[in-house]
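Asker: In the working numbering, the protein residues as written are 160 to 825. Got a structure for you, written out below as structure tokens; questions coming shortly.
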Amino acid sequence: MSNAFQHGSRTLFTSPHIRRPEYWQFIKLVVPPGRTLPPGKTKWSSDDTNEAFCLRCDTTIPFQKSPSVVVRNHMQKKHPQELNDFIAQAGSAGRGPAGSGRAKRLSSEPSMSEDMGSMVASSSSAAPAAKKPRRNQPTARTQSEDRQAMAMDLLVRWICGSLEPLSTVTEGGFIKLITFLSQGTHELPDRTAMCRVVEQKAAEWRFETMEKVKYKVVGHYSLSAELWCTHYDMKYVALLCHHVNDKFETETFPLGVIYVPPPEDGGAKELAKLMEAVFRDWGLPKHSLSLLLTSNDTTIRQLASILEVKRFPDLWAVAHNCLVSWIRPPRVAASNATVPAGGTRTKAAAQLSVASVVQELRWLADGFDHDIRVKKMRAQTIGGDEEELLIRKTNCSTWAEVYDFLSELMLWRPSINRFFASAASSSTCRITEPTAKMWFVAEAYLLLLRTLREVKQITTKDKARTLPFVIHCLMAIKQQLSQENITDLLMLQKGIVDNLSANYDALVPEFLWCSLLDPRYAKMDHVDEDKRVQCKLELTERTVELHRKNTPTPGLMHQLLQEEDAPNEIDTDEMRISVADEVSAYLAEHQQRTTRRYPFLSALARVWLGSVGCSSADIGALRREIPYLVVLDNEEHEHSEDPWNTMINMLYLHVSIRESKRSEQK
């Protein structure tokens, strides 16, 4: 297997003989353009090239004989800070000063006294001295270096995986803890050195991922653009590529993190250029991009049209944004505000009315729990102990707390109605009876929040995490809300329905009919080629027929499995496998020929692979906040480092660590 990897238009490889690693931190050798390995040779060597390439400053370094001298001169001239950081880090591991070339050589090579001693011994002995057996046990120095490298790797994983500030390594308490746990054998790097380590680790992960992807067959793929925002709306996009491998399993790998230019610096157009450069670096053709799963950010929406790709929105974000745009956040309703009793209702009036209902219902619950006379009347009317009739309340500061409170209140609704219907409460009770409008708003809240909560819980499970399934759930919300026929608060209802409809109605027909085509029906061994060819023609014809009719739910797979006139000679398992196999294999293996013979299969496979691929992305997780302390820490050190580049490296490692954990859990 070749030791080369692709970096843009260049083919690079690591020098196989490195005596001074501080000079080769981010410098690779360049394979001459058009050159291939000669027969019988599997790896490139320094004799095969006369150029080196610096990954830090994108500089080509030519040399005549040996690259060591020019590489050393380049590092000392262009990157003295990185060189000093590496030397300081090496010194903290218990090694000799890396700045002294003689000391480093003496520590890594046999000493001159040992050489002289062996020469004297060989000349004074009459017979050849017996060779000492080579010890395979690692030396104490090797063990120390391994532990140092492992500790540094764990430190980077913790800081980037949890998005902690890089300055954490300089905090006194943390230093004391590490010193105590390591018994003084491990010394933490300073923040500058830590920044370089994160940068180097991010570059290594990119190269390793590129190496793995290079040997994969990535046909049609989809992307999810994960938007990371700071507290003052600076944005980064983490690009994740999703595809289906030859075992019908979804795979995800991070392509990179891109800083989103503001509108005055080009905005979506400049971002599109940066994304196309990423596609070229990874060797992913843009015409094979099926879907772009994004949040509802304006710049990201414009990006899809510039790239000319089909965009699918983050459905959870669509519904949630609709909720917060039409219903004020919890606990911000003005208690003394008035709402028009009739006439034309403005959007502001509708928002105010809906938000005030939650506050009124909380006052209702407080009155039942704290008014002694009311508690006694409830106990007499309903029966039971006063303490057993307490209504469990929450602060209602989040939508989850609003959901919990309203769920509790709806359980008490029958007893509340009985209390107000009794004669005892008609004259002496000072609590206002809830109106039909208040109960309607409570039900509408619960309808939306309950369904979205269930969708979010279900979609976090791998067995049901597919976009078509989510669409079905949101369709149920829309249909239920559309059935409400109450004249008051119709603007809330209309806003929810319109927002959901505008974002996914155009795609629903394509997804509904293929909703059952997901990897769960194809994760089984393929039938042999003879059986597949035997049933291929008939299955293809039936697929064409069902596709042209725009098959409604429950979908193509259900139709093929449940129809009474299905051929008896084809087993159910074979049909399942063959349908999924036809859809993907025709496009992946015979793209041009299949497009001419069966034009429908191209669109069919793109929709299917796109929906399956996007199912790897978390619903509602496409817009995330970068911790404030991390941003502040990077800005405070902008005099010594690039805060944007540091943030990009941290986010790339964060996403890579997260995705590697997910793949291990599958």
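By construction, the Cβ of each residue, glycine as well, lies at the ideal position given by its N, Cα and C atoms.
1) Which of helix, strand or coil does DSSP assign to Val372?
2) Rounded to whole angstroms, how far is the Cβ of Thr453 from the Cβ of Glu818, which I believe are closer than 8 Å?
3) When the Cα atoms are used, what is the spatial distance from Pro593 to Gly526?
4) Nearest CA to the CA of Arg178: which residue from Gly167, Ser225, Gly193?
5) Roughly how many angstroms separate the alpha carbons of Lys428 and Pro421, rounded to a whole number?
6) May I ask you to list the residues that DSSP assigns as paired with Ile417?
7) Considering only the beta carbon of each residue, do Gln461 and Gly426 sit closer than 9 Å?
8) Taking only runs of the alpha helix (DSSP H) that begin and end inside the segment 291-370, which ones reach a length of at least 4 residues, in chain order?
9) Is Gln165 helix, strand or coil by DSSP?
10) Which whole-angstrom value is the C-beta distance of Arg572 and Lys552, which I expect to be below 8 Å?
11) By the DSSP assignment, the beta strand (DSSP E) with Lys187 in it spans what residues?
12) DSSP puts Pro239 in a beta bridge; with which residues?
13) How big is the Cα-Cα spacing for Pro269 and Trp183?
14) Nearest-angstrom Cα distance between Arg577 and Leu812?
15) Residues in the same chain with beta-carbon distance under 8 Å from Arg306, minus the five sequence neighbours each way, listed in chain order, please.
16) Return yes when the Cβ of Val790 is within less than 9 Å of the Cβ of Met353, no when it is not.
17) Would you decide whether Met882 is buried or exposed? Buried here means 16 or more other CB atoms lie within 10 Å of its CB.
18) Near Cys319, which residues of its chain fall below 7 Å by C-beta distance, leaving aside the five closest residues on each side in sequence?
19) Using a 10 Å radius around the Cβ and a threshold of 16 neighbouring Cβ atoms, would you call Thr195 buried or exposed?
20) How far does the alpha helix (DSSP H) with Arg551 in it extend, from its first residue to its last?
21) State the beta-bridge partners of Tyr380 as determined by DSSP.
22) Under a Cβ-count criterion, where at least 16 other Cβ atoms within 10 Å of its own Cβ denotes burial, should Leu608 be classed as buried or exposed?
23) For Ser174, count the other beta carbons within 10 Å of its own beta carbon; 16 or more makes it buried, fewer makes it exposed. Which is it?
24) Could you check the C-alpha separation between Asp563 and Leu443 for me, to the nearest Å?
25) With three or more C-beta pairs closer than 8 Å as the rule, is the segment 368-377 touching the segment 430-438?
26) Work out the CA separation of Ser227 and Lys202 for me, nearest whole Å.
27) Just the C-alpha distance for Tyr787 and Lys236, rounded to the nearest angstrom, thanks.
28) Nearest-angstrom Cα distance between Trp441 and Leu322?
29) Do you know offhand how far Leu565's Cα is from Tyr604's?
30) What residue range is occupied by the uninterrupted beta strand (DSSP E) comprising Ile785?
31) Let me make sure I understand the geometry here. Which of Asn804, Ala249, Ala595 has the alpha-carbon closest to that of Val516?
32) Can you tell me the Cα-Cα spacing of Ser272 and Thr338, whole angstroms?
33) Since Asp792 and Pro324 should fall inside the 8 Å C-beta cutoff, what is the C-beta to C-beta distance between them, to a whole number of angstroms?
34) Looking only at C-alpha atoms, which of Pro180, Glu181, His176, Ile186 sits nearest to Thr170?
35) Where does Ser464 land, buried or exposed, given buried means 16+ other C-beta within 10 angstroms?
36) Let me know if Thr591 comes out buried or exposed under the rule of 16 or more other beta-carbons within 10 Å of its beta-carbon.
Answerer: On the basis of the supplied data:
1) Locating residue 372 in the sequence shown gives position 213, counting from the first residue. Correct three-state label for Val372: helix.
2) Translated into the one-based positions of the sequence shown, residue 453 becomes position 294. Translated into the one-based positions of the sequence shown, residue 818 becomes position 659. With a Cβ gap of about 18 Å, Thr453 and Glu818 do not count as contacting.
3) If you number the sequence shown from 1, residue 593 lands on position 434. If you number the sequence shown from 1, residue 526 lands on position 367. Taking the straight line from one Cα to the other gives about 12 Å.
4) As a first step, residue 178 is located in the sequence shown; it is residue number 19 there, counting from the start. Taking only the C-alpha atoms, the option nearest Arg178 is Ser225.
5) Position 269 of the sequence shown holds residue 428. Position 262 of the sequence shown holds residue 421. CA-CA distance, Lys428 to Pro421, rounds to 10 Å.
6) The residue labelled residue 417 in the question sits at position 258 within the sequence shown. Answer is Val396, bridged to Ile417.
7) As a first step, residue 461 is located in the sequence shown; it is residue number 302 there, counting from the start. As a first step, residue 426 is located in the sequence shown; it is residue number 267 there, counting from the start. Yes, they are a contact pair.
8) Counting only runs of 4 or more, we get 299-320, 331-340.
9) Here residue 165 corresponds to residue number 6 of the sequence shown, with the count starting at 1. Of the three classes helix, strand and coil, the one that applies to Gln165 here is strand, per DSSP.
10) Position 413 of the sequence shown, counting from 1, holds the residue named residue 572. Position 393 of the sequence shown, counting from 1, holds the residue named residue 552. That pair is no contact at about 15 Å.
11) Numbered from 1 along the sequence shown, position 28 holds the residue referred to as residue 187. From DSSP, the beta strand (DSSP E) with Lys187 extends over 186-189.
12) Numbered from 1 along the sequence shown, position 80 holds the residue referred to as residue 239. According to DSSP, which records beta bridges pairwise, Pro239 is partnered with nothing at all.
13) For the purposes of this step, residue 269 is taken as the residue at position 110 of the sequence shown. For the purposes of this step, residue 183 is taken as the residue at position 24 of the sequence shown. Because Pro269 carries a pLDDT of 38, less than 50, the predicted location of this residue cannot be relied on, and no value is offered for it.
14) As a working note, residue 577 is residue 418 in the sequence shown. As a working note, residue 812 is residue 653 in the sequence shown. Their backbone Cα atoms lie some 59 Å apart in a straight line.
15) As a position in the sequence shown, residue 306 is number 147, starting the count at 1. Excluding residues within five positions, the ones whose Cβ falls inside 8 Å are Thr344, His345.
16) For the purposes of this step, residue 353 is identified with residue 194 of the sequence shown, where counting begins at 1. For the purposes of this step, residue 790 is identified with residue 631 of the sequence shown, where counting begins at 1. The answer is no: Cβ separation not under 9 Å.
17) What the structure shows of the chain is the stretch from 160 to 825, and residue 882 is not part of that stretch, so it cannot be assessed.
18) In the sequence shown, the residue the question calls residue 319 occupies position 160. Excluding positions up to five away in sequence, the list reads Val357, Met809, Leu812, His813, Ile816.
19) Within the sequence shown, numbered from 1, the residue matching residue 195 stands at position 36. Thr195 sits exposed, since fewer than 16 C-beta atoms from the chains shown fall within 10 Å of its C-beta.
20) If you number the sequence shown from 1, residue 551 lands on position 392. The continuous stretches of alpha helix (DSSP H) do not include Arg551, and DSSP gives it neither H nor E.
21) To locate residue 380, count along the sequence shown from 1; it is residue 221. Paired residues: His402, Leu448.
22) The residue given as residue 608 occupies position 449 in the sequence shown. Label assigned to Leu608: buried.
23) Translated into the one-based positions of the sequence shown, residue 174 becomes position 15. Buried, by the Cβ-count rule.
24) Taking the first residue of the sequence shown as 1, we reach residue 563 at position 404. Taking the first residue of the sequence shown as 1, we reach residue 443 at position 284. If you take the alpha carbons of Asp563 and Leu443, they lie about 46 Å apart.
25) Taking 8 Å as the limit for Cβ pairs, the verdict is that the segment 368-377 does not touch the segment 430-438.
26) By 1-based counting over the sequence shown, the position of residue 202 is 43. By 1-based counting over the sequence shown, the position of residue 227 is 68. Cα to Cα, Lys202 sits roughly 20 Å from Ser227.
27) The residue given as residue 787 occupies position 628 in the sequence shown. The residue given as residue 236 occupies position 77 in the sequence shown. Roughly 36 Å separates the two Cα atoms.
28) By one-based count along the sequence shown, residue 441 stands at place 282. By one-based count along the sequence shown, residue 322 stands at place 163. Trp441 and Leu322 have their C-alpha atoms roughly 26 Å apart.
29) Against the sequence shown, residue 565 aligns to sequence position 406. Against the sequence shown, residue 604 aligns to sequence position 445. Each residue's CA atom was taken as its position, placing Leu565 and Tyr604 some 8 Å apart.
30) Locating residue 785 in the sequence shown gives position 626, counting from the first residue. Where Ile785 is concerned, there is no enclosing beta strand (DSSP E), given that its DSSP letter is neither H nor E.
31) In the sequence shown, counting from the first residue as 1, residue 516 sits at position 357. The candidate whose alpha carbon is nearest that of Val516 is Ala595.
32) Locating residue 272 in the sequence shown gives position 113, counting from the first residue. Locating residue 338 in the sequence shown gives position 179, counting from the first residue. Summary for Ser272: the model assigns pLDDT 36, below 50, so the residue's position carries little reliability; its value from the coordinates is reported in the next sentence. Going from the Cα of Ser272 to the Cα of Thr338 covers about 37 Å.
33) Within the sequence shown, the letter at position 633 stands for residue 792. Within the sequence shown, the letter at position 165 stands for residue 324. Confirmed, about 4 Å.
34) The count along the sequence shown starts at 1 and reaches residue 170 at position 11. Thr170 has its Cα closest to that of Ile186, out of Pro180, Glu181, His176, Ile186.
35) Position 305 of the sequence shown, counted from the first residue, corresponds to residue 464. Under this definition Ser464 is an exposed residue.
36) Taking the first residue of the sequence shown as position 1, residue 591 is located at position 432. In this structure Thr591 is exposed. Its beta-carbon is surrounded by fewer than 16 other beta-carbon atoms within 10 angstroms.
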